[in-house]
Each structure stands twice: as C-alpha cells, then as structure tokens.
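When you line the sequence shown up against mature numbering (1 follows the signal peptide of the UniProt record, and there is no 0), it's residues -21 to -1, 1 to 307, in that order. Shown next, in structure tokens, is the structure this report addresses.
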Amino acid sequence: MTTCLRVLVLLVMFAAHSTFAADTAGQTLLQYGQQCADEVGEIPAFNCNAGTTVPITVNNHVPERYFTNMTCDRPALLPYESPTSGPCTPYSKIINLSHDATEISAFCRRKMIRADKSPLYDEVDIVLHNTANGKTCWFHAEHPGSAAGFNASRVPPPNEKTPPPGHVSAEAFWWPPAATATKKCVSCHDASPVMYSPWLGQVWDKVPTDPWGRYVNIGDAFASWTSLAISTPGNTCIGCHRIGNQHSCDIYVPLAAGMLHPPKGSDKLASSYPLNHWMPVDNNKSKAEWDAASVESVRNLLTCCSEQGKNDPKCHFSPNAQGSAKGG
C-alpha cells in the first residue's frame, strides 16, 4: 500500500471519531490536552514501534509461532472484546517518555496478531503524572469492533493543534476526555496512576512509578475519579504501595494471592505457584513462607473491603485518588 493510500485510509477511519469529538460536551481534547501540558507536563510525539515489547512466553520461552486464543505464562489482565486474538497477543509495547518531575507512561496495545514492526495497533494509552504536585491525566485511543487497527507510527501530542503534513491530528487520534472518562480507569488504577500485573511486570523497569505520591485526576470529565486507600496495622501488603478500595478489593488483591481463577489465557505455569501469587513483585518465597508472611494481611484487607469492614476498628481508610476539575 502506498504512503498516500495509507494516509487516506487513516483519515477515513478517524472521520466518525472526529465528529464525536467535536460534538462532545465539556472540555475538548485540545483544551484538556493543554491543561495537562500546563499543569502536568508536555507529551512529545512518539512512534509506538520505538517502545519495549512486553514478552509473551510459554514455559518461559518465546514460542515458535503465535496463534489466536493461545495460552501463555503471563497473559494481559484486561479483558479483550471481540475481535481479538486473545490476551496472549504479542508485540504490545511500553514507552517511558518521562522528563524531570513529569512521568509519562505510554502503552501501545496489540489485540490482533500482526508483525512485530507493523505500524498498526489496536489501542494507545497514556498516563501522565507529575510527582511534584500529583496531578494526573489520561489519554486513550482505540476503535471498538475494528480488526484493522490504526497507524501509530506518529502518535500526536494531545494538545497539538496542527499536525505535520500527512499525519493524523490529535483530535482525530485521541478520544475526547468525556469519552475517555467512561472507561473508569480509576476503578483499576485505584492505588496509584500505574498498576502492576505479571504481564507488565516483565518490563517494569520501563514503567515510571510513584506508589506513595499525591494522586489528583484533573480535568472536568475526571472530577469524579476518586478512591480510598485501605490499611490495617502491621499489614505486609502495604509495605511497597497503597491498596485501593475499588477493583483492588474484588480483583487484584485476591488474584495476586491465588484466590481467584487465573485470568483468561493462562497456561499451566501461570496457574501454579509462584506465578499465581504475584505479590510481592518477583516473589521468590516458598508457598509456606508466602502463607506465613501474607495470608493474615490479605484476610484483613479483604475484611476491610467488605461491608463489615466499614465498622471494623482495624480498618483504616484515607483519601487516595482525588478529582479536580479545570483549573484545580
């Protein structure tokens, strides 16, 4: 396909999305992007293929080939809607674009099997966070129901008014903030702006983290994005990071403690100890050692997560993620 034809196809794919962006009430993408640039930090343009690949392995080895709905050692935790090749789809990439106090974690997700260096991706997300003031912004791009993917060889800054010739605009690429807000990212990212999983943990050195820092979601559409942090006296689970009171309660704490069925796409290795007990990070304890160190702490946290925990004196709740509208 020629370069001109690729650009034409890309512009047609984004046409409906651009109309939605123009008709959405509240802050526009450019307004939100500029607020985030001013209060959190500038996001540069980038090429998804410049990122670090998140490995997909089977029995700790890269398989000879990938196929639809295969199983693997560390599948993606996010459920993929159809069409998809499944949670073991290879060649998603993470990029750390941080500078000074500004942390920028860009994630380019593949939901369909394509060549490693294909310019086409199925989702792009940015978590923008400032460690000095805690302000955090969220940017999301995808096309639900499309197996075609979209060109992410130049991901535009969310506040870019005019792209270079031949490239997609920010307004056409990114969802408007009101649409991104419907994803309710804070329900999973309830403890901090970035969340650990065994999948992303393979490239955790490429992910900027601020586990104890202030956490303020700015922008009109994100003013309701709040969470509480949970703690109990002497709890070993909160030694390295906070525990949030949303999906950390009903998914991540029990999943990391081997109390839930492994996520879809898990192979035998993923379903057995130690990979099904993935906290602490790089767990190298025996099962007996893990139980002795963590079972009581997990039990206490899950008590605090329950209705009973609201009145339990050992359960402590403190504000964590805060919401702040424009200019906050």
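C-beta atoms are modelled at their ideal positions from N, C-alpha and C, and glycine is treated no differently.
When the Cα atoms are used, what is the spatial distance from residue i to residue j?
i, j, result
"N196", "T63", "31 Å"
"I105", "C87", "9 Å"
"A(-1)", "K264", "With a pLDDT of 40 at A(-1), under the threshold of 50, the predicted position of this residue should be treated as unreliable, though the coordinate-derived value follows. C-alpha separation (whole angstroms): 50 Å."
"P172", "L8", "20 Å"
"S250", "A131", "34 Å"
"E139", "S273", "47 Å"
"W154", "D101", "13 Å"
"A24", "V277", "42 Å"
"N224", "D291", "15 Å"
"G180", "E150", "32 Å"
"P233", "P190", "20 Å"
"Y175", "G192", "16 Å"
"A170", "S210", "12 Å"
"V(-13)", "N255", "With a pLDDT of only 35 at V(-13), under the threshold of 50, the placement of this residue in the model should not be trusted; the figure read from the coordinates follows. Each residue's alpha carbon lies about 43 Å from the other."
"D2", "A158", "Because D2 carries a pLDDT of 40, less than 50, the predicted location of this residue cannot be relied on, and no value is offered for it."
"P259", "M238", "15 Å"
"Y45", "E60", "19 Å"
"A16", "R133", "18 Å"
"V103", "I83", "13 Å"
"I248", "C51", "One point to set straight first is that residue 248 is Leu, not Ile, in the sequence displayed. Between L248 and C51, the C-alpha separation is close to 8 Å."
"P144", "H240", "49 Å"
"K289", "S297", "12 Å"
"residue 309", "H146", "Absent from the structure is residue 309, since the part of the chain shown begins at -21 and ends at 307."
"Y252", "K305", "46 Å"
"H295", "E275", "16 Å"
"G20", "H226", "28 Å"
Relative to the C-alpha of residue i, which residue among the options is closest?
i, options, result
"R89", "S206, I217, W153, T47", "T47"
"S303", "G113, I35, I83, A24", "G113"
"K293", "A16, E18, P58, N279", "N279"
"M49", "E82, T68, D291", "T68"
"E18", "M91, A111, E60", "A111"
"P58", "P144, K162, S84", "K162"
"A160", "S203, L99, E275", "S203"
"L281", "Y252, P253, S297, A236", "A236"
"L99", "G145, F129, L239, I83", "F129"
Please state whether the Cβ-Cβ distance between residue i and residue j is less than 8 Å.
i, j, result
"V33", "W178", "yes"
"W257", "F201", "no"
"G28", "K96", "The residue you asked about is not Gly; residue 28 is Asn in the sequence shown. Yes, Cβ-Cβ distance for N28 and K96 is below 8 Å."
"I222", "A208", "yes"
"S148", "P135", "yes"
"C284", "C219", "no"
"N299", "Y194", "yes"
"Y11", "P142", "no"
"Y70", "R53", "no"
"F152", "A127", "no"
"K185", "T31", "yes"
Would you grab the beta carbon distance between residue i and residue j for me? Rounded to a whole angstrom, and I think it's under 8 Å.
i, j, result
"H122", "T115", "Rounded, the Cβ-Cβ distance is 25 Å, inconsistent with contact."
"I301", "T205", "First, the residue type needs correcting, since residue 301 is Gln and not Ile in the sequence shown. Going by Cβ atoms, the distance from Q301 to T205 rounds to 6 Å, so yes, they are a contact pair."
"G198", "Q6", "6 Å"
"P137", "I22", "6 Å"
"P66", "A80", "Not quite, the Cβ-Cβ distance comes to about 34 Å (not below 8 Å), so this is no contact."
(request) Count the C-beta pairs between the region 263 to 275 and the region 71 to 78 that are closer than 8 Å, then say yes if the count reaches three, no if not. (result) no
(message) Three Cβ pairs or more, each shorter than 8 Å: is that satisfied between the region 23 to 42 and the region 157 to 174?
(response) no
(message) Using a Cβ distance threshold of 8 Å, determine whether the region 240 to 249 contacts the region 200 to 218, with at least three qualifying pairs required.
(response) no
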